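Student:
6 protein chains.
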Amino acid sequence: MAKNLNKIVAEIFSNFKDNLSDVQHFDESPLPDKREVYKVIGEMMSMLFPGYFWDTGLSFDTIELQMSHKIASVYDTLKNQVYREIKHSCKFDNKNCKNCIDYSETLAELFLGKFAQIRQSLDLDVKAAYKNDPAASGFDEIIFSYPGLEAVAVYRMAHILFKNGLLLIPRIMSEWAHSRTGVDIHPGAEIGKSFFIDHGTGVVIGETTEIGNNVTLYQGVTLGALNFPRDSSGNLIRGRKRHPTIEDEVVIYSGATILGGETVIGKGSVIGGNVWLTESVPPNSRVLVAKSDLKIIQKKTA
Amino acid sequence: MAKNLNKIVAEIFSNFKDNLSDVQHFDESPLPDKREVYKVIGEMMSMLFPGYFWDTGLSFDTIELQMSHKIASVYDTLKNQVYREIKHSCKFDNKNCKNCIDYSETLAELFLGKFAQIRQSLDLDVKAAYKNDPAASGFDEIIFSYPGLEAVAVYRMAHILFKNGLLLIPRIMSEWAHSRTGVDIHPGAEIGKSFFIDHGTGVVIGETTEIGNNVTLYQGVTLGALNFPRDSSGNLIRGRKRHPTIEDEVVIYSGATILGGETVIGKGSVIGGNVWLTESVPPNSRVLVAKSDLKIIQKKTA
Amino acid sequence: MAKNLNKIVAEIFSNFKDNLSDVQHFDESPLPDKREVYKVIGEMMSMLFPGYFWDTGLSFDTIELQMSHKIASVYDTLKNQVYREIKHSCKFDNKNCKNCIDYSETLAELFLGKFAQIRQSLDLDVKAAYKNDPAASGFDEIIFSYPGLEAVAVYRMAHILFKNGLLLIPRIMSEWAHSRTGVDIHPGAEIGKSFFIDHGTGVVIGETTEIGNNVTLYQGVTLGALNFPRDSSGNLIRGRKRHPTIEDEVVIYSGATILGGETVIGKGSVIGGNVWLTESVPPNSRVLVAKSDLKIIQKKTA
Amino acid sequence: MAKNLNKIVAEIFSNFKDNLSDVQHFDESPLPDKREVYKVIGEMMSMLFPGYFWDTGLSFDTIELQMSHKIASVYDTLKNQVYREIKHSCKFDNKNCKNCIDYSETLAELFLGKFAQIRQSLDLDVKAAYKNDPAASGFDEIIFSYPGLEAVAVYRMAHILFKNGLLLIPRIMSEWAHSRTGVDIHPGAEIGKSFFIDHGTGVVIGETTEIGNNVTLYQGVTLGALNFPRDSSGNLIRGRKRHPTIEDEVVIYSGATILGGETVIGKGSVIGGNVWLTESVPPNSRVLVAKSDLKIIQKKTA
Amino acid sequence: MAKNLNKIVAEIFSNFKDNLSDVQHFDESPLPDKREVYKVIGEMMSMLFPGYFWDTGLSFDTIELQMSHKIASVYDTLKNQVYREIKHSCKFDNKNCKNCIDYSETLAELFLGKFAQIRQSLDLDVKAAYKNDPAASGFDEIIFSYPGLEAVAVYRMAHILFKNGLLLIPRIMSEWAHSRTGVDIHPGAEIGKSFFIDHGTGVVIGETTEIGNNVTLYQGVTLGALNFPRDSSGNLIRGRKRHPTIEDEVVIYSGATILGGETVIGKGSVIGGNVWLTESVPPNSRVLVAKSDLKIIQKKTA
Amino acid sequence: MAKNLNKIVAEIFSNFKDNLSDVQHFDESPLPDKREVYKVIGEMMSMLFPGYFWDTGLSFDTIELQMSHKIASVYDTLKNQVYREIKHSCKFDNKNCKNCIDYSETLAELFLGKFAQIRQSLDLDVKAAYKNDPAASGFDEIIFSYPGLEAVAVYRMAHILFKNGLLLIPRIMSEWAHSRTGVDIHPGAEIGKSFFIDHGTGVVIGETTEIGNNVTLYQGVTLGALNFPRDSSGNLIRGRKRHPTIEDEVVIYSGATILGGETVIGKGSVIGGNVWLTESVPPNSRVLVAKSDLKIIQKKTA
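Chains as they are written, first to last, in the numbering used here: chain A, 451 to 752; chain B, 451 to 752; chain C, 451 to 752; chain D, 451 to 752; chain E, 451 to 752; chain F, 451 to 752.
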């Protein structure tokens, strides 16, 4: 039995040793561990929405007893994972390496220092959902079951880390949310207050998107890039603004696609479902697909 | 090390104490626990599809030995979570509070009392998938790997709870399914027998949707609301029928959007891919996007 | 308390005993266990992308110590699950039953024997992502956070098992990926080298699709079936080529739908966003929705 | 780093391959798994003492719901472990191998068929503890915290398996109890009804011991062998009665040692603390160490 | 297969229903859960010996962050288990039932309120071990590996609960320690400061024992009862002082047995190994077994 | 509710801060973690007794696949725990601190480098048990259920670490074994080949004991210290030989106590049960308690 197994195993190991792939990471200094990053998200969510993701009741009187270890866990876990991210990149350029441990601690503190600010933003996001969705029965339902809110909450955390020079950890966070909610928000996007995404599946918000306050999106909305210029060697030019700007009070209905770094949707505009836009529209525009040309045929029935 | 951490922690706690947010739940009587609700789903799925989600074989002769504790688990877990949902709402209106424990037991019994009915519905749903999908090799594949079936199974459970006055628990259930399948069915929707959703990602079925028997949907179909009237104070009017009615034998292809509470898709109709409909169509209609105006350009090649 | 529970339980068991549903599996020989199949995926992913999904550093020098048990785990788990799949189907046709254990071992060996080939393919897929996405900062980000890559990796494993006569296990694998990424690739599809799916949510690639080398897809692309012919008894005809052929170097933008088994997208073509295609286009075509007929209305402002 | 590790690992594996020790078991047919045997003990204890080792309340009305899966678990686990024990011994003598599976099932059934009898015995053992220990506040304390009762409960289970031809499983059971309680009862011993061991640490009851009804032992009592005759080749003669017989109503105080297969402690006797006996005593004897010759010296104090 | 299993199961359940044993607890109000009690011990040990049973470093600066949830866990768990103990006894006498919840909270607070006192006692116990054992290399070794210290630590916790009217929980605690250390200290015993037990296996300290300060015991020491008077009905008289009094500065060597409620070992005495004492000795006595009468025979050698 | 809890918590923390106990370890560099040390024991046991503590079969052909990760786990875990032990002691004397990491690796390698030697010793120990115990049915029973063997196996591992300068880790190991088996062997003792301890509970073997080859001990045997000289300041003199020397081929029966660093039990001697020896005996002695002076009284019977 298993008669060829040893031979196959030997081949697998020789494949590793012969084939010096670029897509591997043999290194004593490990990369971030996704599960640890997810743990940070979980602990933060339970603190940002106190009382919602807890197995017991939570009380003002004993909040320190009930919550302190979550803060300690976020601090330790994030510090360790930041170290794993930055230590690794250090190895190649040797420049921010010297103080990796200090920097990891500083960044974990900085992140926790933004706690109140994140929480305040999420309060406004919850209220925006309630204000804009007639199906919402109240805040509890929104917090327990709105994927858009979950995606935005994770975005607000990941964004802070991204703005402070991390990449892998915020992207692991954003993909955790993408996987669970179908909402793909790049942590580099800039999103204002009172943001609401309904249903959510299929929403894509690209890295250089800018979104104002009081904006609402529905499922399947893409805020994407229009084209990808390459340099003279044929390599993609990275780092340009490639995604649109959405001003305050805009509503974008399901399936709409808005592309391009110079596309600006003016304040107070409404973009209808399935609209495909690659140019700017002035404030207070209402953009609709012209009466779609449907063919309605009556089937013969016996 | 960690020199500012204590200060940051103090700020976090003072944020909780100063800022009496409405988006929090400090209360000895805890809200439902999502993981417990998920446990109910898991136990129910293994019983509704006997033999599929089991680590060992399952036998008619010993079914009581193998399944009894799952029933007990569903009963206990659901009873406790129902209590957590209704006890909490009791605090504000004080009217159905008196018999919270009794009501929780009654509802858990009622739910289990529908077991045969749910199972019968799901048998028909599996058969509808087989009848309508040429890729389906048999019932086993459908049960193991069709996300549409999973979403519908969870909907059929959540709907019973929703109809009996619960909200958070059925919505937690429907979002569990949404997260895993990309299919977002509000537990308030009314869906008939032999329902089939293929592929599923991006399907949205709103709260007041009514769907007849033998209906088939493909990925990306939205059955949504058209507009959201507000009252004289500018608040959304909640509770109206806002979503369409889909009669028996209708097929709706991928990406179609059907909106509005007065929109009725007549029996036996076929709605083509990407169609955007905000008005009713009579029975046996075939609705297609008119020959779409494509521009086909031949690229120059060297 | 719980006064009707015993009666309800009795009804549930009598429902099982009376109602000989076809959608059940009472059998001492169990069906595959999803969680075990998922374990195979997890172990394989950590080996295919060495150093990425590990809690500690990974070193060339000690790779056998760190990885051997993962190979053993894949071999054992897959062998057992293959046995559960094929033993079960054996019961009905009695023809490939005789050597179920031998065949399970052979198939587990065959799968591990393809390790180097799968790894090589995935190296090219990672590089294709980097080449085509200006937002990608490097290989690490792609491996950690590109859902398209995860879906393709799982496809490449599932495809090998599908080609060797399994169905349930590869479909359980593909739905695991679908659930996490929103990308639904049937394991029967034939996909060439250097394949890239960006964002991914809503992508559907049907069973008989053929895709060449260096193809790129964006979110929401459907490669589907056009219609489903039935035989004279009204039953679906299964097993025909129903899905399109995509030749080398094709790019298909978000939301495009390409249907039909005879539809061929010629080499080097570009299919624009939201295009709905049911016919072939020659090589080097650029297909766009004709300037969409948008209605832009200026809202009155007070 | 770890510079010699690969060399050390190679040596370890070559040690396994070169040195064909007799103290190893390289075999596809595995030996019993201790943890599985412990699981049987745990499930049985919770059923034998209903309501004591449960995390929730236990009710007569729902006992089937709460207990059925424990019976199923005992049956399955024991069946599998019995198979692992007997299949293994089969390999060498090939005589009871043919029906290993049948025999395992039969033995698991036989064991469960003794449930009522074991339970009845343990009821009497609990009552004997209460009757004889002035420190016992009631049955609950005895069941929760008397190590002697735990050891006797495990003995009563292990004895049944031992009498039906098993050896490793009952010995694994008895050592589990020995480890936890300090009471070492060989599963081959014959022990009557209403047996009580107080405190327990250090009690040893050998394989061929016979104990009547209503016997009480204190900590540190040894019922052992006197000498070990060897055959003409110098090998130990195994299987003789080597341990004493203790008749009904006997009390043996702490630290007493009673040795020899022909030693009989007559009915109703009392053996004092630290007594060392290698000969029989008639019924109703009271055996004491003669006034021990203590030397009491007064220390000088400053 | 399993042909008689259903019959056997039916018998088991009918045994429960027919045989109304006294040794069972069918009740919605559950008894304490041993595992929860063990959790209290574990959390307390890690706090009482800060830095010893921790997986990470522990710092003065962040002690609140690292320890708060342990206090919360002890409070909640103990409160719940106390409730389970006292609620249960309430059912029979109905007198202290009314305020069961209040009393549970009060008792959990009282227990935590003794934290500093317990910790101080244990500090002295550790130092006593160091002072008296030449093998002890330092405090760390004592805390990590002296079973006597573990047993005493658990005793000091259990004693507080016992003195406040609990029985099952302190006895579950003391048996947890007995099982792990072989040291059986009844929680009712009164033990002074700076107490040291070396090696420990086989030590028994009965319920009404009184021990002064600076006492040292070695393995196998029994402080037990001499005889058990029964009342005129033949029932044991419970609650009398049955175990000895050991005054300050006493040392008792291994295997010594001291029995009887009126036996007093005077201050500063030393009791030699294997001594069997049932009478008091004055202060500063040195009690030894008189030169034991050994028979030394020279074996013949070939 | 919980009205005093915050006050109590504050007191606990102020107790930590005020009372600078010596029995605490507030330090970023953590002490060894017991659970990690236990993991090393568990992995080693499964390798030292191949096939016994495994959930599946183990095969010569695939031993590298099945065992490699256990070696890696022992190496990593031990290295980390050694570091935790030596780093900590470094802080105070600053002398062997410099190369803590190197030394930890070296010691973990050294330990694994002794694998074959440990295994060979244990083979002899198993055979010694079989040779000397007429109750032993074979090697399997001994490995599965002889506590003496478990204690000796752990001793043989701990001894290597102790001889190489560690203290806490070997003592944690020896107490793990003591707790489970009742056998307390100090890792500093020197024990020869083919050593057998039967039953085991209560055996104590002190730090400076020397034991030759082919020695057998029974339960309750103490090889201990006689008295503890103190220096002129009244402090114990540590580090002297305080425990006896047992030469080859000696048998010591249950309950015997042998004390003193100058006591030598000559080769081939037999020490009877309960003997108390503080002086040497020449080779081939048979030492027995002189016919013990028992008082046998006939109870009056009605």
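Note that CB positions come from ideal geometry on N, CA and C, so glycine has one too.
For clarity, every value in this text was computed on a predicted model and none was experimentally measured.
Are the C-beta atoms of A522 (chain B) and some chain D residue less than 8 Å apart?
Tutor: The residue labelled residue 522 (chain B) in the question sits at position 72 within the second sequence. With 8 Å as the cut-off, A522 (chain B) counts as an interface residue toward chain D.
Student: Would you say the segment 672–679 of chain D touches the segment 700–712 of chain D, given that touching needs at least three Cβ pairs under 8 Å?
Tutor: Short answer: they touch.
Student: Chain B partners of H519 (chain D), CB-CB under 9 Å?
Tutor: Your numbering for residue 519 (chain D) matches position 69 in the fourth sequence. Neighbours of H519 (chain D) on chain B, chain order: L515, Q516, M517, S518, H519, K520 and A522.
Student: Using the DSSP secondary-structure output, state which residues sit across from E745 (chain F) in a beta bridge.
Tutor: The residue labelled residue 745 (chain F) in the question sits at position 295 within the sixth sequence. A small correction: the amino acid at residue 745 (chain F) is Lys; Glu does not occupy that position in the sequence shown. The partner list for K745 (chain F) (beta bridge, DSSP) reads D:L738.
Student: Name, going along the chain, the residues of the segment 735–747 of chain B whose beta-carbon falls closer than 7 Å to a beta-carbon of chain A.
Tutor: Residues passing the 7 Å Cβ filter: S735, R736, V737, L738, V739 and A740.
Student: Are the C-beta of V576 (chain D) and some C-beta of chain E separated by less than 8 Å?
Tutor: For the purposes of this step, residue 576 (chain D) is taken as the residue at position 126 of the fourth sequence. V576 (chain D) counts as touching chain E.
Student: Jot down the residue ranges of each uninterrupted alpha helix (DSSP H) in the segment 560–597 of chain E, minimum 4 residues, whole runs only, in chain order.
Tutor: Entirely contained in the segment 560–597 of chain E, the alpha helix (DSSP H) runs reaching 4 residues are, in chain order, 565–582 and 589–595.
Student: For the segment 715–732 of chain F and the segment 693–705 of chain F, state whether three or more C-beta atom pairs, one from each stretch, are separated by less than 8 Å.
Tutor: The segment 715–732 of chain F is in contact with the segment 693–705 of chain F.
Student: According to DSSP, which residues form a beta bridge with D477 (chain A)?
Tutor: Residue numbering aside, residue 477 (chain A) sits at position 27 when the first sequence is read from its first letter. C:L508, per the DSSP bridge assignment.
Student: By the 8 Å beta-carbon criterion, what residues does the segment 467–482 of chain B contribute toward chain G?
Tutor: Note that chain G does not occur in the displayed structure, where the protein chains are A, B, C, D, E and F.
Student: Taking contact to mean 3 or more Cβ pairs, one atom from each stretch, closer than 8 Å, check whether the segment 683–695 of chain A and the segment 633–645 of chain B are in contact.
Tutor: No, because fewer than three Cβ pairs between the segment 683–695 of chain A and the segment 633–645 of chain B fall closer than 8 Å, the two stretches do not touch.
Student: So, with DSSP's three-state summary, where would you put N469 (chain D)?
Tutor: Working through the fourth sequence from its first residue, we reach residue 469 (chain D) at position 19. Here N469 (chain D) sits in coil by DSSP.
Student: Since T707 (chain B) is in the beta strand (DSSP E), which residue starts that stretch and which ends it?
Tutor: Numbered from its first residue, the second sequence carries residue 707 (chain B) at position 257. T707 to L709 is the span of the beta strand (DSSP E), which, as asked, contains T707 (chain B).
Student: What is the C-beta distance between L560 (chain A) and N614 (chain A), in whole angstroms, given that I count them as a contact (C-beta under 8 Å)?
Tutor: Position 110 of the first sequence, counted from the start, is the residue given in the question as residue 560 (chain A). Position 164 of the first sequence, counted from the start, is the residue given in the question as residue 614 (chain A). The pair is a contact, with the Cβ atoms about 6 Å apart (cut-off 8 Å).
Student: Do you know how far the Cα of Q567 (chain C) is from the Cα of L455 (chain B)?
Tutor: Here residue 455 (chain B) corresponds to residue number 5 of the second sequence, with the count starting at 1. Here residue 567 (chain C) corresponds to residue number 117 of the third sequence, with the count starting at 1. One C-alpha to the other measures close to 50 Å.
Student: Could you tell me if D483 (chain F) is buried or exposed, where buried requires 16 or more neighbouring beta carbons within 10 angstroms of its beta carbon?
Tutor: Within the sixth sequence, numbered from 1, the residue matching residue 483 (chain F) stands at position 33. Counting Cβ neighbours within 10 Å, D483 (chain F) comes out buried, since at least 16 surround it.
Student: First and last residue of the beta strand (DSSP E) that includes G492 (chain D)?
Tutor: What you label residue 492 (chain D) is simply residue 42 of the fourth sequence in a count that begins at 1. No beta strand (DSSP E) contains G492 (chain D), which is instead part of the alpha helix (DSSP H) from K484 to L498.
Student: I458 (chain C) and L572 (chain B) - do their beta-carbons sit closer together than 8 Å?
Tutor: Reading the second sequence from its first residue, position 122 is the one you call residue 572 (chain B). Reading the third sequence from its first residue, position 8 is the one you call residue 458 (chain C). No, they are not a contact pair.
Student: So T756 (chain D) is in the beta strand (DSSP E); what residue range does that whole segment cover?
Tutor: The structure shown does not extend to residue 756 (chain D), since chain D is modelled only from 451 through 752, so no value can be given for it.
Student: As a quick exercise: from D:P733, D:I746, D:I721 and D:K577, pick the residue whose alpha carbon is nearest that of V737 (chain E).
Tutor: Position 287 of the fifth sequence holds residue 737 (chain E). For V737 (chain E), the nearest C-alpha among the options comes from D:I746.
Student: Look at G656 (chain F) and F476 (chain D) and say whether their C-beta atoms are less than 8 Å apart.
Tutor: Within the sixth sequence, the letter at position 206 stands for residue 656 (chain F). Within the fourth sequence, the letter at position 26 stands for residue 476 (chain D). No, these two residues do not count as a Cβ contact at 8 Å.
Student: Let me confirm a value: G611 (chain D) is counted as buried when at least 16 other C-beta atoms fall within 10 Å, else exposed. Which label applies?
Tutor: As a position in the fourth sequence, residue 611 (chain D) is number 161, starting the count at 1. Here the sequence assigns Leu to residue 611 (chain D), which means Gly is not the residue at that position. So L611 (chain D) ends up on the buried side.
Student: From G757 (chain E) to A740 (chain F), what distance separates their C-alpha atoms?
Tutor: In the structure displayed, chain E extends from 451 to 752; residue 757 (chain E) sits before or after that span and is not available.
Student: Quick one: is V700 (chain F) near chain A, going by C-beta distance under 8 Å?
Tutor: Here residue 700 (chain F) refers to the residue found at position 250 of the sixth sequence. No, because no Cβ of chain A sits closer than 8 Å to the Cβ of V700 (chain F).
Student: How far does the alpha helix (DSSP H) with T631 (chain C) in it extend, from its first residue to its last?
Tutor: Here residue 631 (chain C) refers to the residue found at position 181 of the third sequence. Looking at the DSSP string, the run of the alpha helix (DSSP H) that includes T631 (chain C) is L618 to T631.
Student: Quick check: what's the CA-CA separation for N544 (chain E) versus K489 (chain E)?
Tutor: Within the fifth sequence, residue 544 (chain E) is the residue found at index 94, counting from 1. Within the fifth sequence, residue 489 (chain E) is the residue found at index 39, counting from 1. The predicted position of N544 (chain E) is uncertain, since its pLDDT is 47 and thus under 50; no value can be drawn from it.
Student: Using C-beta distances below 7 Å, list every residue in its chain close to M517 (chain D), excluding the 5 sequence neighbours before and after it, in chain order.
Tutor: On the fourth sequence, position 67 is the one that residue 517 (chain D) refers to. Cβ neighbours of M517 (chain D) beyond the five flanking positions: M497.
Student: For V788 (chain D), which residues in the same chain have their Cβ closer than 6 Å to its Cβ, ignoring the five residues on either side in sequence?
Tutor: Since the first residue shown for chain D is 451 and the last is 752, residue 788 (chain D) is missing from the structure and cannot be characterised.
Student: Is any beta-carbon of chain D found at less than 8 Å from that of N454 (chain E)?
Tutor: Walking along the fifth sequence from the start, residue 454 (chain E) turns up at place 4. Answer yes: the Cβ-Cβ gap between N454 (chain E) and chain D drops below 8 Å somewhere.
Student: Tell me the DSSP secondary structure of I641 (chain B) in three-state form.
Tutor: The residue labelled residue 641 (chain B) in the question sits at position 191 within the second sequence. If DSSP states are grouped into helix, strand and coil, I641 (chain B) belongs with the strands.
Student: Which residues of chain C have a Cβ atom closer than 9 Å to the Cβ of T512 (chain F), listed in chain order?
Tutor: Along the sixth sequence, read from residue 1 onward, the residue named residue 512 (chain F) stands at position 62. Those are A522 and Y525, listed as they occur along chain C.
Student: May I have the straight-line CA-CA distance separating L481 (chain E) from D634 (chain C), to the nearest angstrom?
Tutor: For the purposes of this step, residue 481 (chain E) is taken as residue 31 along the fifth sequence, with counting starting at 1. For the purposes of this step, residue 634 (chain C) is taken as residue 184 along the third sequence, with counting starting at 1. Distance between the alpha carbons of L481 (chain E) and D634 (chain C): 51 Å.
Student: Work out the CA separation of N582 (chain C) and P679 (chain A) for me, nearest whole Å.
Tutor: What you label residue 679 (chain A) is simply residue 229 of the first sequence in a count that begins at 1. What you label residue 582 (chain C) is simply residue 132 of the third sequence in a count that begins at 1. Those two C-alpha atoms are separated by around 11 Å.
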